[in-house]
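No gaps in the numbering here: position 97 of the sequence shown is 293 in our numbering, and each next residue is one more.
Ideal placement from N, C-alpha and C gives every residue a C-beta, glycine not left out.
This report concerns only the one structure given below.
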Amino acid sequence: MKEMEFRVISKSKDALELEVVNADRTLLIPLVEELNRDEKVVSAIYHYEHPYLENPTLKIKVKEGKPQAAIKRASKKLEKIFEDLQKEFENSIKSPK
Numbered sequence: 197m198k199e200m201e202f203r204v205i206s207k208s209k210d211a212l213e214l215e216v217v218n219a220d221r222t223l224l225i226p227l228v229e230e231l232n233r234d235e236k237v238v239s240a241i242y243h244y245e246h247p248y249l250e251n252p253t254l255k256i257k258v259k260e261g262k263p264q265a266a267i268k269r270a271s272k273k274l275e276k277i278f279e280d281l282q283k284e285f286e287n288s289i290k291s292p293k
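Laid out in structure tokens, this is it:
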């Protein structure tokens with residue numbers, strides 16, 4: 197699987213629009229959900245015009261701080277969630293109930 201890549205489409209002080217190349221919804225959906233849980237984020241959405249003809253765009257608007265910082269915070273939280281999930285899975289294999 198190819199790595200997702202983000203390309204800046206537009207950028208302002210409180211908003212960022214990115215093209216997501218090699219998008220993986222398995223990661224993109226939780227990222228958007230985590231961004232929308234952030235108190236400093238006004239909104240975060242991703243949009244496909246057509247999933248087979250173009251890459252989706254990710255739009256984020258913040259009320260405080262930088263949009264890039266919000267993406268980093270959300271990514272760190274997701275990393276922790278996935279690590280915990282992996283540990284839980286490994287433990288359940290070692291000692292099934």
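So, is residue i buried or exposed, given that buried needs 16 or more other C-beta atoms within 10 angstroms?
i    : result
P263 : buried
I277 : exposed
I256 : buried
E230 : buried
A219 : buried
A240 : buried
Given a cut-off of 8 angstroms on the beta-carbon distance, is the pair residue i and residue j in contact?
i    : j    : result
I225 : L214 : no
L212 : A270 : no
Find the nearest neighbour of residue i within the set the options, judged by alpha-carbon distance.
i    : options                : result
R203 : D210, L254, A240       : L254
V216 : I267, E201, H246       : E201
I267 : S208, D234, E199, E245 : D234
K164 : E199, S288, D210       : Given a span of 197 to 293 for the chain in the structure shown, any question on residue 164 remains unanswerable.
G261 : K198, S208, E199       : S208
Excluding the 5 residues preceding and the 5 following residue i in the sequence, name in chain order all residues of the same chain whose CB lies nearer than 7 angstroms to its CB.
i    : result
V238 : K257, V258, K259
Looking at chain C, is there any beta carbon in it that lies within less than 8 angstroms of the beta carbon of residue i?
i    : result
K259 : This model lacks chain C altogether, as it is built from one protein chain only.
Point to revise | Uninterrupted alpha helix (DSSP H) stretches inside the segment 210-292 (no shorter than 4 residues) | key: Within the segment 210-292, the complete alpha helix (DSSP H) runs of at least 4 residues are 221-233, 263-290.
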